[in-house]
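Its first residue numbered 124, the sequence shown is counted upward by one per residue in the working numbering.
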Amino acid sequence: PDERTLVLIKPDAVRRGLVGEIISRFERKGLRIDAMVARTMDVALADEHYAEHVERPFYPPLKTFMTSGPLVAMVLSGDQVIEVVRGLIGATDGRKAAAGTIRGDLSLSNRENLVHASDSTDSAKRELALWFPELS
Ligand code: CMP
């Protein structure tokens, strides 16, 4: 019974030409891509997606960043995919993320950290419904 998770390859990754590199890491791990789309997040979607962060001081610049250009949204599936993907992407702050992880190898920022992934089964369920309602 495989899990599903939502991954966003953020606008910094698109601008830097790292989409292929990042998708390749997920593919080489053995995860499956069930759905994928390139789109630009609007402010309403940002507020819903980051509902738990809207009151935080880092949210206004985060919203500006996340709506600044196209991103790639994807549904990944596989055995314990939520935890597996969190491991592959590394800690939030690219400066502190372990070498070998996507952020550890490719990001030097706490905000422009290349990738978002659902952090629990509850958030995966919520985020998948938000981004890919046709799948649920
Ligand atoms: P993400 O996994 O998408 O979840 C929330 C995002 O907010 C996080 O990745 C970062 O892009 C951003 N973020 C979290 N904490 C901070 C912070 N202290 N300063 C700036 N951005 C942050």
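The beta carbon of each residue, even a glycine, is placed where N, CA and C say it ideally should be.
Asked: The ligand CMP heavy atom lying under 8 Å from the CB of LEU231; Found: no
Asked: Cβ-heavy atom distance, ALA240 to the ligand CMP, below 8 Å; Found: yes
Asked: Beta-carbon proximity list for ALA167, same chain, < 7 Å, skipping 5 on both sides; Found: none
Asked: Anticipated Cβ contact below 8 Å, HIS172 with LEU185, distance rounded; Found: In fact, because the Cβ distance is near 10 Å, the residues do not count as touching under 8 Å.
Asked: Alpha helix (DSSP H) segment containing ARG148, residue limits; Found: 142–152
Asked: Sheet register partners of VAL155 (DSSP bridge); Found: Reading off the sequence, residue 155 comes out as Arg, not Val. ARG155 is bridged to SER200.
Asked: Contact check, THR190 vs MET164, beta carbons under 9 Å; Found: yes
Asked: SER243 classed as buried or exposed, judged by whether at least 16 other C-beta atoms fall within 10 angstroms; Found: exposed
Asked: Through-space distance from LEU251 to ARG127, alpha-carbon basis; Found: 8 Å
Asked: Distance cut-off 8 Å: ARG249 Cβ against heavy atoms of the ligand CMP; Found: no
Asked: Cβ neighbour criterion (16 or more within 10 Å) applied to GLY153; Found: exposed
Asked: Beta-carbon proximity check, ARG218 vs LEU231, cutoff 9 Å; Found: yes
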